[in-house]
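**Q**
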Amino acid sequence: MNSASPTNTAISASNDQLLQLCKAGSDMLRLQVLRVLSRDAYSVQELCHILDCRQSGMSHHLKTLTSAGLITKRREGNSLFYRRSYAPALADLAPLHDALHSSADLIQLDLDQQHRLEQVYAERAERCQAFFAEHASEFGEQQEQMVAFNVYGHSCMELLRSSQNQGGELAIEIGPGEGAFLAELSPYYTKVVAVDNAQAMLNRAGEFVNQQALENVELVLGDSRSEQLQPNSADCVVCNMVLHHVPSPADIFKDAARLLKPGGLFCVSDLCRHDQSWAREACGDMWLGFEPDDLSEWAAANGLQDGAAAYLAQLNGFRVQVRQFIKAEPYTLPTPNPSA
Numbered sequence: 032m033n034s035a036s037p038t039n040t041a042i043s044a045s046n047d048q049l050l051q052l053c054k055a056g057s058d059m060l061r062l063q064v065l066r067v068l069s070r071d072a073y074s075v076q077e078l079c080h081i082l083d084c085r086q087s088g089m090s091h092h093l094k095t096l097t098s099a100g101l102i103t104k105r106r107e108g109n110s111l112f113y114r115r116s117y118a119p120a121l122a123d124l125a126p127l128h129d130a131l132h133s134s135a136d137l138i139q140l141d142l143d144q145q146h147r148l149e150q151v152y153a154e155r156a157e158r159c160q161a162f163f164a165e166h167a168s169e170f171g172e173q174q175e176q177m178v179a180f181n182v183y184g185h186s187c188m189e190l191l192r193s194s195q196n197q198g199g200e201l202a203i204e205i206g207p208g209e210g211a212f213l214a215e216l217s218p219y220y221t222k223v224v225a226v227d228n229a230q231a232m233l234n235r236a237g238e239f240v241n242q243q244a245l246e247n248v249e250l251v252l253g254d255s256r257s258e259q260l261q262p263n264s265a266d267c268v269v270c271n272m273v274l275h276h277v278p279s280p281a282d283i284f285k286d287a288a289r290l291l292k293p294g295g296l297f298c299v300s301d302l303c304r305h306d307q308s309w310a311r312e313a314c315g316d317m318w319l320g321f322e323p324d325d326l327s328e329w330a331a332a333n334g335l336q337d338g339a340a341a342y343l344a345q346l347n348g349f350r351v352q353v354r355q356f357i358k359a360e361p362y363t364l365p366t367p368n369p370s371a
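Residues in the sequence shown are numbered from 32 upward in steps of one, following the working numbering.
(1) Per DSSP, Asp301 forms a beta bridge with which residues?
(2) Check the C-beta distance from Tyr183 over to Ala202 and give it rounded, since I have them as a contact under 8 Å.
(3) Do Ala99 and Gln51 count as a contact pair if the criterion is CB distance below 8 Å?
(4) So is Met32 buried or exposed if we call it buried at 16+ other beta carbons inside 10 Å?
(5) Verify whether the separation of the beta carbon atoms of Leu62 and Gly56 is less than 8 Å.
(6) Can you name the start and end residues of the beta strand (DSSP E) that Gln336 belongs to?
(7) Label Met59 either buried or exposed according to how many other C-beta atoms from any shown protein chain fall within 10 Å of its C-beta, with 16 as the threshold for buried.
(8) Between the segment 270-280 and the segment 201-218, do at least 3 Cβ pairs fall closer than 8 Å?
(9) Would you call the segment 148-168 and the segment 222-234 in contact, with 3 or more CB pairs under 8 Å?
(10) State the CB to CB distance for the pair Asp123 and Arg66, rounded to an integer number of angstroms; the pair is presumed to be in contact (CB under 8 Å).
(11) Could you pull out every unbroken alpha helix (DSSP H) segment of at least 4 residues lying fully inside the segment 226-296, listed in chain order?
(12) Going by beta carbon distance, what residues of the same chain come within less than 6 Å of Thr103, once the five residues before and after it are set aside?
(13) I'd like to know whether the C-beta atoms of Leu291 and Phe297 end up nearer to each other than 8 Å.
(14) For the alpha helix (DSSP H) that Glu328 lies in, which residues bound it at each end?
(15) Should Asp324 go down as buried or exposed, given a rule of 16 or more other Cβ atoms within 10 Å for buried?
(16) Work out the CA separation of His128 and Glu238 for me, nearest whole Å.
(17) Sorted by chain position, which residues of the same chain lie with C-beta nearer than 8 Å to Leu93's C-beta, five sequence neighbours on each side aside?
(18) Determine contact between the segment 85-92 and the segment 134-151, defined as no fewer than three beta-carbon pairs at a distance below 8 Å.
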């Protein structure tokens, strides 16, 4: 009785995976799916809406892309969300895997597709804003059910002080909540700007700022793309327990990179991936946490390098990642030495 040798088995697996990759890249709609997924994760229903496709057809295309190892899926509450997979199934096929992603990025969505894509983000943002408008007064208590501020706040400031102990001219906090971390930033930065797109939450932060007499703190109603926030201006950008609420976590990394000075720090505290779906209703969570690699991939895509990190386990089953990312200094050619 003949059995396949390990070498033949490996060759067969490699050939099969190569065929799957080639098959996945042979259809324009599948390439458009990859293009859309370059930005964030989407449900089947959202992808059907964006690309104007029936769910049965979209499910078939998603299965093909998943088999090729180009995308992966995970459950968020009652829905499955798909996102790109940056790790190839076989290392030998990494060049083709990466080339398919890079080539898909070159695809231009038509105006209708782009409009429907923006609709998805607008609907996500409206749901988020509606939650905070209704629950601003009890949000602090609900957040405490998951992770208390003194758990992640202390660790975030400790890492920030160790990397930027002299402070700086400007710190920006995206989504300050009830404002507690503003009191940590205020003594070390000439100016602190807190930006939030929910007026009710910004009012809560404003009350805290007034109570603590934080005279160098400015409150801005808007988001991380607000015109009041100037590019290349901030020594640090802080985003504490915000990513799991926003429509596009990847965009926050893009905006932070734009706002930071070269050498500046992007400080993020957020939940690691979990399966406690009650948080979606109780706390308005859009995402059930993130894998550490998710944050690293978004950072790398925007020229941010991994920095210091801490991981905090909680008795209620949640785990918090406190991360720093550094905006790379621009490379300059060395000055020629005339005497050399």
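Quick reminder that beta carbons are idealized off the backbone N, C-alpha and C, glycines included.
**A** Well, looking at it:
(1) Position 270 of the sequence shown, counting from 1, holds the residue named residue 301. Its beta-bridge partners are Gln352.
(2) In the sequence shown, residue 183 corresponds to position 152, counting from 1. In the sequence shown, residue 202 corresponds to position 171, counting from 1. So it is not a contact: roughly 17 Å between Cβ atoms.
(3) Numbered from its first residue, the sequence shown carries residue 51 at position 20. Numbered from its first residue, the sequence shown carries residue 99 at position 68. Their beta carbons are under 8 Å apart, which means Gln51 touches Ala99 by this criterion.
(4) The residue given as residue 32 occupies position 1 in the sequence shown. Unreliable placement is indicated for Met32, whose pLDDT of 47 sits below 50; the coordinate value is still reported in the next sentence. Its Cβ having fewer than 16 others within 10 Å, Met32 is exposed.
(5) As a first step, residue 62 must be located in the sequence shown, where it is residue number 31. As a first step, residue 56 must be located in the sequence shown, where it is residue number 25. Taking 8 Å as the Cβ cut-off, Leu62 and Gly56 qualify as a contacting pair.
(6) As a working note, residue 336 is residue 305 in the sequence shown. Note, Gln336: beta strand (DSSP E), Leu335 to Ala344.
(7) Looking up residue 59 in the sequence shown gives position 28. Classification for Met59: exposed.
(8) yes
(9) yes
(10) Translated into the one-based positions of the sequence shown, residue 123 becomes position 92. Translated into the one-based positions of the sequence shown, residue 66 becomes position 35. That belief does not hold up - the Cβ atoms of Asp123 and Arg66 are roughly 25 Å apart, past 8 Å.
(11) 230-243 and 280-290
(12) Residue 103 sits at position 72 when you count from the first residue of the sequence shown. Taken in chain order, the residues that qualify are Ser116.
(13) The count along the sequence shown starts at 1 and reaches residue 291 at position 260. The count along the sequence shown starts at 1 and reaches residue 297 at position 266. Taking 8 Å as the Cβ cut-off, Leu291 and Phe297 qualify as a contacting pair.
(14) Start at 1 with the first residue of the sequence shown, and residue 328 comes out as number 297. Glu328 -> alpha helix (DSSP H) spans Pro323 to Ala332.
(15) Within the sequence shown, residue 324 is the residue found at index 293, counting from 1. It is exposed - the Cβ of Asp324 has fewer than 16 other Cβ atoms within 10 Å.
(16) In the sequence shown, the residue the question calls residue 238 occupies position 207. In the sequence shown, the residue the question calls residue 128 occupies position 97. For Glu238 and His128, the distance between alpha carbons rounds to 51 Å.
(17) Start at 1 with the first residue of the sequence shown, and residue 93 comes out as number 62. Answer for Leu93: Val64, Val75, Leu78, Ile102, Lys104 and Tyr113, listed in chain order.
(18) no
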